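FYI, my numbering numbers position 212 of the sequence shown as 213, with every residue one higher than the one before it. Comments concern the structure below.
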Amino acid sequence: MTGTLPSTPHRDLTAGELATLDRDGVICVREVLDAQWVAHLRIALDEAAARPTLSGRFLSRRKKGLYHDMFVWLKHDKIRELWFHSPLARFAAQALRAERVNLFYEDVFCKKPGSTMPTPWHQDMSAWPITGQQIINVWVPVDAVSRENSALEFVRGSHRWGKDYRVESATSDAILLTNEDLEWAPDIEGDRDAFDIVQWDMQPGDALFFSPRLLHGSRGNPSRDRGRRAISLRFTGEDIRYDPRPHTMPLLFAHGLAEGDPMGGPLFPEILPDPPADLGRSRPSYDLGALLAYVGDHVRSETVRLVRPQRFRRGPGTMR
């Protein structure tokens, strides 16, 4: 899909929505993508699942009905077009109150009917090699979503608790990212009534805008006939800086950033107001050293996951 970039949203976020986002850490905005963009994204996600990236081969649990991938835009043009041409970047600029918006990366999640894979309660920010405040998650499904097929749930206001929690995951990235200096998140699943949990039923093209410091998660997909395909795009504003501290997400591609640099370059290109002339078509090459370390770490972590599964699932806090 081509045309004016990024597309103009059909409406602006209201002052009330922005105030709610600040207070609660999450809002649901209806019909952010129109039917044409939803159809485009649906094809894109199916193509991505059929041809996963290297990360997708490690992160997915196909036998348990989960496809999970990241940095998919570097391989699949339809995802790249979503970043640069859809109205999502302009919505994100409003949510961030930012003049400049950069692409950080996206996660793709496809849970098939009957998937037994939950997404444990977690924050995103503690796993990322960045620092700053101006970053927003934009989560868009291409299937109707409800609690019956793994809707996202949030602990409202938890982004204001002032805490970074240890990464928890059901896949082999958990050990790679586990910072034992951080405390575990509270046992939300074991005491749900003690927390202000919020969730929305959604239609294709609706979007959740939420803080990466907000605790969130989802159950497996017990539905017999309803899959849940969605993408989560992360947009950054002016104050985000590269911060490659230990126990954060490894970057497998050459990015050219030094500690303290603002986001930019071929891996994190600017979308607004001045996108690159090639609109991200000249993709960065793999960083061979980072790539080899990533593969080796995943192999070792997968061995630990199979031999010592308690390091991945601490018990009652894991969503089912």
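Glycine residues also receive a C-beta, built at the ideal position from the N, C-alpha and C atoms. Since the structure is predicted, the reported quantities are computational estimates derived from the model, not experimental observations.
Worksheet entry | Contact belief for residue 258 with residue 102 at Cβ below 8 Å, rounded distance in angstroms | The residue you call residue 258 lines up with position 257 of the sequence shown. The residue you call residue 102 lines up with position 101 of the sequence shown. With a Cβ gap of about 17 Å, residue 258 and residue 102 do not count as contacting.
Item to complete: Taking all protein chains shown into account, decide if residue 44 is buried (16 or more other Cβ within 10 angstroms of its Cβ) or exposed.
Response: Working through the sequence shown from its first residue, we reach residue 44 at position 43. The residue is exposed, with fewer than 16 neighbouring Cβ atoms inside 10 Å.
Fill in: Contacting residues, own chain, Cβ-Cβ under 6 Å from residue 256 (five flanking each side not counted)
Residue 256 sits at position 255 when you count from the first residue of the sequence shown. Contacts found: 266 and 268.
Worksheet item: Do you know whose CA, among 6, 195 and 41, lies nearest residue 232's CA?
Response: Working through the sequence shown from its first residue, we reach residue 232 at position 231. Ranking 6, 195 and 41 by Cα distance to residue 232 puts 41 first.
Worksheet item: Do residue 91 and residue 21 come within 9 Å of each other at the CB atom, strictly closer than that value?
Response: Residue numbering aside, residue 21 sits at position 20 when the sequence shown is read from its first letter. Residue numbering aside, residue 91 sits at position 90 when the sequence shown is read from its first letter. Their beta carbons are not under 9 Å apart, which means residue 21 does not touch residue 91 by this criterion.
Discussion item. Quick check: what's the CA-CA separation for residue 19 versus residue 108?
Written reply: Walking along the sequence shown from the start, residue 19 turns up at place 18. Walking along the sequence shown from the start, residue 108 turns up at place 107. The alpha-carbon atoms of residue 19 and residue 108 are separated by roughly 24 Å.
Fill in: Spatial distance of residue 81 from residue 271 (CA atoms)
Residue numbering aside, residue 81 sits at position 80 when the sequence shown is read from its first letter. Residue numbering aside, residue 271 sits at position 270 when the sequence shown is read from its first letter. Going from the Cα of residue 81 to the Cα of residue 271 covers about 13 Å.
Discussion item. Can you check which of these residues, 17, 7, 14 and 30, is closest to residue 201 by C-alpha distance?
Written reply: The count along the sequence shown starts at 1 and reaches residue 201 at position 200. With distances taken between Cα atoms, residue 201 lies closest to 30.
Worksheet item: By Cβ distance below 6 Å, which residues in the same chain neighbour residue 277 in space, the five residues on each side in sequence not counted?
Response: Reading the sequence shown from its first residue, position 276 is the one you call residue 277. Once the five neighbours on either side are set aside, the close Cβ partners of residue 277 are 270.
Worksheet item: Cα separation between residue 97 and residue 237?
Response: The residue you call residue 97 lines up with position 96 of the sequence shown. The residue you call residue 237 lines up with position 236 of the sequence shown. Whole-angstrom Cα-Cα distance: 8 Å.
Worksheet item: Taking DSSP as the reference, what is the three-state secondary structure of residue 38?
Response: Here residue 38 refers to the residue found at position 37 when the sequence shown is read from its first residue. Residue 38: helix per DSSP, three-state reduction.
Worksheet entry | Proximity to residue 192 [Cα-Cα], best of 205, 122 and 180 | Counted from its first residue, the sequence shown places residue 192 at position 191. Cα-wise, what sits closest to residue 192 is 122.
Item to complete: List in chain order: all unbroken alpha helix (DSSP H) runs of 4+ residues lying wholly within the region 48 to 86.
Response: 55 to 60 and 78 to 86
Worksheet entry | Straight-line gap, residue 48 to residue 59 (C-alpha atoms, nearest Å) | The count along the sequence shown starts at 1 and reaches residue 48 at position 47. The count along the sequence shown starts at 1 and reaches residue 59 at position 58. Their Cα atoms are separated by approximately 18 Å.
Worksheet item: Run through DSSP, which three-state label would residue 283 get?
Response: Along the sequence shown, one-based indexing puts residue 283 at 282. Coil, per DSSP.
Worksheet item: Between residue 283 and residue 46, what straight-line distance do the alpha-carbon atoms span, to the nearest angstrom?
Response: Residue 283 sits at position 282 when you count from the first residue of the sequence shown. Residue 46 sits at position 45 when you count from the first residue of the sequence shown. Going by the C-alpha atoms only, they are around 21 Å apart.
Worksheet entry | Inter-residue spacing [alpha-carbon to alpha-carbon] between residue 88 and residue 148 | Within the sequence shown, numbered from 1, the residue matching residue 88 stands at position 87. Within the sequence shown, numbered from 1, the residue matching residue 148 stands at position 147. So the alpha carbons of these two residues sit roughly 27 Å apart.
Worksheet entry | Exposed unless 16 or more other CB atoms sit within 10 angstroms - verdict on residue 112 | Position 111 of the sequence shown, counted from the first residue, corresponds to residue 112. So residue 112 ends up on the buried side.
Worksheet item: How about the region 122 to 136 and the region 214 to 232: do they share at least three Cβ pairs that are nearer than 8 Å?
Response: yes
Practice prompt. Going by DSSP, name the residue or residues bridged to residue 28.
Written response: One-based indexing of the sequence shown puts residue 28 at position 27. BP columns for residue 28 point to 210.
Worksheet item: Run through DSSP, which three-state label would residue 18 get?
Response: Position 17 of the sequence shown, counted from the start, is the residue given in the question as residue 18. Helix.
Worksheet item: Exposed or buried, what is residue 11 when buried is set at 16 or more other beta-carbons lying within 10 Å of its beta-carbon?
Response: Position 10 of the sequence shown, counted from the start, is the residue given in the question as residue 11. Exposed.
Item to complete: Kindly give me the distance between the Cβ atoms of residue 118 and residue 221, rounded to whole angstroms, as I take these residues to be in contact under 8 Å.
Response: Here residue 118 corresponds to residue number 117 of the sequence shown, with the count starting at 1. Here residue 221 corresponds to residue number 220 of the sequence shown, with the count starting at 1. Sure, about 6 Å apart at Cβ, within 8 Å.
Worksheet item: Does the beta carbon of residue 271 sit closer than 9 Å to a beta carbon anywhere in chain C?
Response: Going by chain labels, chain C is absent from the structure shown, which holds only one protein chain.
Fill in: Residue interval of the alpha helix (DSSP H) (run including residue 92)
As a first step, residue 92 is located in the sequence shown; it is residue number 91 there, counting from the start. Note, residue 92: alpha helix (DSSP H), 89 to 97.
Discussion item. DSSP three-state label for residue 102, please.
Written reply: Numbered from 1 along the sequence shown, position 101 holds the residue referred to as residue 102. Looking at residue 102 - three-state DSSP - the assignment turns out to be strand.
Worksheet item: Excluding sequence positions up to five away, which residues of its chain have a Cβ less than 8 Å from the Cβ of residue 167?
Response: Within the sequence shown, the letter at position 166 stands for residue 167. So the qualifying residues of the chain are 127, 179, 180, 181, 183, 184, 185 and 186.
Worksheet item: Going by other Cβ atoms of all chains shown within 10 Å of its Cβ, with 16 needed for buried, is residue 173 buried or exposed?
Response: Within the sequence shown, numbered from 1, the residue matching residue 173 stands at position 172. Low confidence applies here, because residue 173 scores a pLDDT of 49, under 50, leaving its location unreliable; read the following figure in that light. It counts as buried.
Worksheet item: How big is the Cα-Cα spacing for residue 69 and residue 291?
Response: In the sequence shown, residue 69 corresponds to position 68, counting from 1. In the sequence shown, residue 291 corresponds to position 290, counting from 1. Looking at the two C-alpha atoms, the distance is approximately 20 Å.
Practice prompt. Write down the C-beta distance between residue 156 and residue 210 rounded to the nearest angstrom, noting that I regard them as a contact closer than 8 Å.
Written response: On the sequence shown, residue 156 is found 155 positions in, with the first residue counted as 1. On the sequence shown, residue 210 is found 209 positions in, with the first residue counted as 1. Wrong, their Cβ atoms sit about 16 Å apart, outside the cutoff.
Worksheet item: In terms of alpha-carbon separation, which member of 39, 76 and 36 lies closest to residue 53?
Response: Along the sequence shown, one-based indexing puts residue 53 at 52. Here the closest residue by C-alpha is 76.
Worksheet item: Are residue 206 and residue 38 touching if we call contact CB-CB under 9 Å?
Response: Here residue 206 corresponds to residue number 205 of the sequence shown, with the count starting at 1. Here residue 38 corresponds to residue number 37 of the sequence shown, with the count starting at 1. Yes; because the gap between Cβ atoms is below 9 Å, this pair is in contact.
Item to complete: Could you check if residue 289 is buried or exposed, using at least 16 other CB atoms within 10 Å of its CB as the buried criterion?
Response: As a working note, residue 289 is residue 288 in the sequence shown. Classification for residue 289: exposed.
Worksheet item: DSSP three-state call for residue 108: helix, strand or coil?
Response: As a working mapping, residue 108 is identified with position 107 in the sequence shown. It is a strand residue.
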